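K.L.:
In this note's numbering, the protein residues as written are 322 to 705. Heads up, the beta-carbon is just placed ideally off N, CA and C, and yes, glycines get one too. This one's a predicted model, so the numbers in the text were calculated from it and none came from an experiment.
1) For residue 655, which residues of its own chain have a beta-carbon under 8 angstroms away from its beta-carbon, when the five flanking residues on both sides are left out?
2) Is the beta carbon of residue 356 closer than 8 angstroms to that of residue 454?
3) Which one or two residues does DSSP pair with residue 592 in a beta bridge?
4) Determine contact between the region 593 to 611 and the region 629 to 643, defined as no fewer than three beta-carbon pairs at a distance below 8 angstroms.
5) When you compare the region 360 to 373 with the region 412 to 428, are there three or more beta-carbon pairs, one atom per stretch, that lie closer than 8 angstroms?
6) In the DSSP output, what is residue 620 paired with across the bridge?
7) Please list the terminal residues of the continuous alpha helix (DSSP H) segment that includes residue 462.
8) In its own chain, which residues sit with a C-beta less than 7 angstroms from the C-beta of residue 386, not counting the 5 before and 5 after it?
9) Pull up the DSSP beta-bridge partners for residue 647, would you.
10) Taking the beta carbon of residue 493 as the centre, do at least 16 other beta carbons fall within 10 Å, making it buried, or is it exposed?
11) Please report how far the alpha carbon of residue 581 lies from the alpha carbon of residue 546, in whole angstroms.
12) How would you call residue 438, buried or exposed, if buried means at least 16 neighbouring beta carbons within 10 angstroms?
13) By Cβ distance below 8 angstroms, which residues in the same chain neighbour residue 540 in space, the five residues on each side in sequence not counted?
14) Would you identify the three-state DSSP class for residue 373, choosing helix, strand or coil?
15) For residue 508 and chain B, any beta-carbon pair shorter than 8 angstroms?
16) Going by DSSP in three states, residue 516 sits in which element: helix, strand or coil?
17) According to the Cβ coordinates, are residue 483 and residue 331 closer than 8 angstroms?
18) Kindly provide the ranges of any alpha helix (DSSP H) runs that are 4 or more residues long and lie completely inside the region 512 to 584, ordered along the chain.
19) Taking just the CA atoms, how far does residue 565 sit from residue 688?
20) What residue from 407, 444 and 479 has the CA that sits closest to residue 621's CA?
21) What number of angstroms, rounded off, separates the C-alpha of residue 400 from the C-alpha of residue 369?
22) May I have the straight-line CA-CA distance separating residue 589 from residue 613, to the nearest angstrom?
23) Within this structure, are the beta carbons of residue 578 and residue 537 separated by less than 8 angstroms?
24) What are the partner residues of residue 505, as DSSP defines its beta bridges?
25) Measuring alpha carbon to alpha carbon, tell me which of 674, 506 and 694 ends up nearest residue 486.
26) Since I believe residue 661 is in contact with residue 623 (beta carbons under 8 angstroms), could you give me their beta-carbon distance rounded to a whole number of angstroms?
27) Taking the alpha carbon of residue 651 as the reference point, which residue from 517, 498 and 563 has its own alpha carbon closest?
28) Per DSSP, what kind of secondary structure is residue 348 in: helix, strand or coil?
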């Protein structure tokens, strides 16, 4: 797919349809793994423009090949978050308790617009577009699509994520790690219990838990290379029912995150050994459950370079800005385990609302910019 000289005209032609789709999806946010109406809406939009999408029934999500022999791919996520959207937003969610507060409606609209533009280009080397469910879920929709072979044979895969900290018109790019891994863990402490008047006669699980919360993060970091960013945080602690009884069971839950792909492989073993050493003198029994959810997203240098060259050809070099790493997780990483790829940040600032908050809004100008940037990047990537 050669760089289209008439890209501006084609984007303007596709933009009204993409905006219409974004607004429909925004009004119909759905949970991870339950994006049934979302899938139906996207499928209908593609079919109404002569494209032939493939659904994953009974699962949600879909994919479409545009042009013959797809060699490059674009991924858009489609699920929403359990957040009540303020009534003043336009458009506003019609599903109480659910909101597109992470911009996945915009991602899907951009992917749809890219499909329309690429269709009009009739390229010899086509594009596969994935509308992925359950980015916010566990284990996530990406690993399912990888398992179904949907990125097999692709030479590269890219994705955009809207960024409310970046103005529309800019694309954030970086080589190497851009988002962190996101692993879940649970620790169950057990002991005989007893009266709080005589803690010396039993095992004080509350004290043991306090030591874990305070000491485990530092102890874990002491076991790894200081140059490898890592964070451990607890989100849940439950134990005991009354103030004068030392409990027999206490549970802690949290997450571990790193930007280091090699360290991610080693973390379960390091975590087990560190926790064992920490509790060795406490007398508490423990059970550690550790779930490796997603690895870090590590952007491929060649993919970033080729995509950036395409975007700069469309917008000028000033449109590309460096973007920082994030300790948030992104299951786009699962695709990059099998195909070179890159995640870019797409400027969408409107007000001060952050991702995953009820105040989040985006500048719809990012839709047309995302379509143009996506086509430009994919056109450059489609050539060896």
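P.N.:
Here's the rundown:
1) 461, 463, 464, 467, 615 and 616
2) yes
3) For residue 592, which the question treats as bridged, DSSP gives no partner whatsoever.
4) no
5) no
6) 497
7) 462 to 468
8) 447 and 449
9) 500
10) buried
11) 10 angstroms
12) buried
13) 595, 598 and 599
14) coil
15) Absent from the structure: chain B. Only one protein chain is present.
16) strand
17) no
18) 526 to 542
19) 58 angstroms
20) 479
21) 22 angstroms
22) 8 angstroms
23) no
24) 576 and 612
25) 674
26) 7 angstroms
27) 498
28) helix
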